[in-house]
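Using this note's numbering, the first residue of the sequence shown is number 138, and each one after it goes up by one.
Here a beta-carbon is modelled for each residue, glycine too, at the ideal position from N, C-alpha and C.
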Amino acid sequence: REANAISSERGSHAVIVCPFHHKMPVSERMARRWARFQQIIIVWLFVIHPPLTLHFLNGLICAQADKLRLVASWEVVCFEGAHWIRFYGSIAGLVLLSAGVPACYFLVVFKNRRQLRKHHVRSRVGFLCNGFEADM
């Protein structure tokens, strides 16, 4: 074996030979990497979701002082100038991320609901449904 990766054709899959990896079809390795990437994104979005939602809500909360002002930044007068950018950005963030991420999680679990006990499905989306038991 050489230090660099050598690819060769074997059957219908290309095989990469590398001293650091086992022989594995490229498509299988890519599928594992994609599955791992999906797991990371699911956990990352789960962790970042609450602070992002709070940030978006802070762009909408105004209180009366001399004028109606943004609570998160008192120098911004609500519904004037710079506030509109924050306002529409906050609305978009609430719809796309704060509501969209849980909706996507629900769709992923619902789509795979009959296969949640299978290892390949559990390894990808198990984080979303750990602790739940089927009613049987």
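Do residue j and residue i have their beta-carbon atoms positioned less than 8 Å apart in this structure?
i: residue 196; j: residue 216; result: no
i: residue 262; j: residue 238; result: no
i: residue 258; j: residue 267; result: no
Can you list, in chain order, the residues of its chain with a C-beta nearer than 7 Å to that of residue i? Leave out the 5 residues immediately preceding and following it.
i: residue 220; result: 207, 213, 214
i: residue 242; result: 265
i: residue 253; result: 259, 266
From the DSSP output, in three-state form, read off residue i for me.
i: residue 99; result: Outside the displayed span of the chain (138 to 273) sits residue 99, for which this structure offers no information.
i: residue 197; result: coil
i: residue 207; result: strand
i: residue 214; result: strand
i: residue 255; result: coil
i: residue 159; result: Only weak support exists for where residue 159 lies, its pLDDT of 49 falling under 50; the value from the coordinates is given anyway. Looking at residue 159 - three-state DSSP - the assignment turns out to be strand.
i: residue 168; result: helix
Which residues in the same chain have their Cβ closer than 8 Å to the Cβ of residue i, if we skip the five residues on either side of it in sequence?
i: residue 189; result: 230, 234, 235
i: residue 260; result: 172, 176
i: residue 211; result: 202
Among the options, which residue has its Cα nearest to the Cα of residue i?
i: residue 192; options: 262, 256, 228; result: 228
Is there a Cβ from chain D that is less than 8 Å from the Cβ of residue i?
i: residue 265; result: Checking the listed chains, one finds no chain D in this structure; it contains a single protein chain.
Quick one: does the C-beta of residue i sit closer than 7 Å to a heavy atom of the ligand ZN?
i: residue 173; result: What this structure holds is no ligand at all, so the ligand ZN is not there to describe.
Near residue i, which residues of its chain fall below 6 Å by C-beta distance, leaving aside the five closest residues on each side in sequence?
i: residue 209; result: 195
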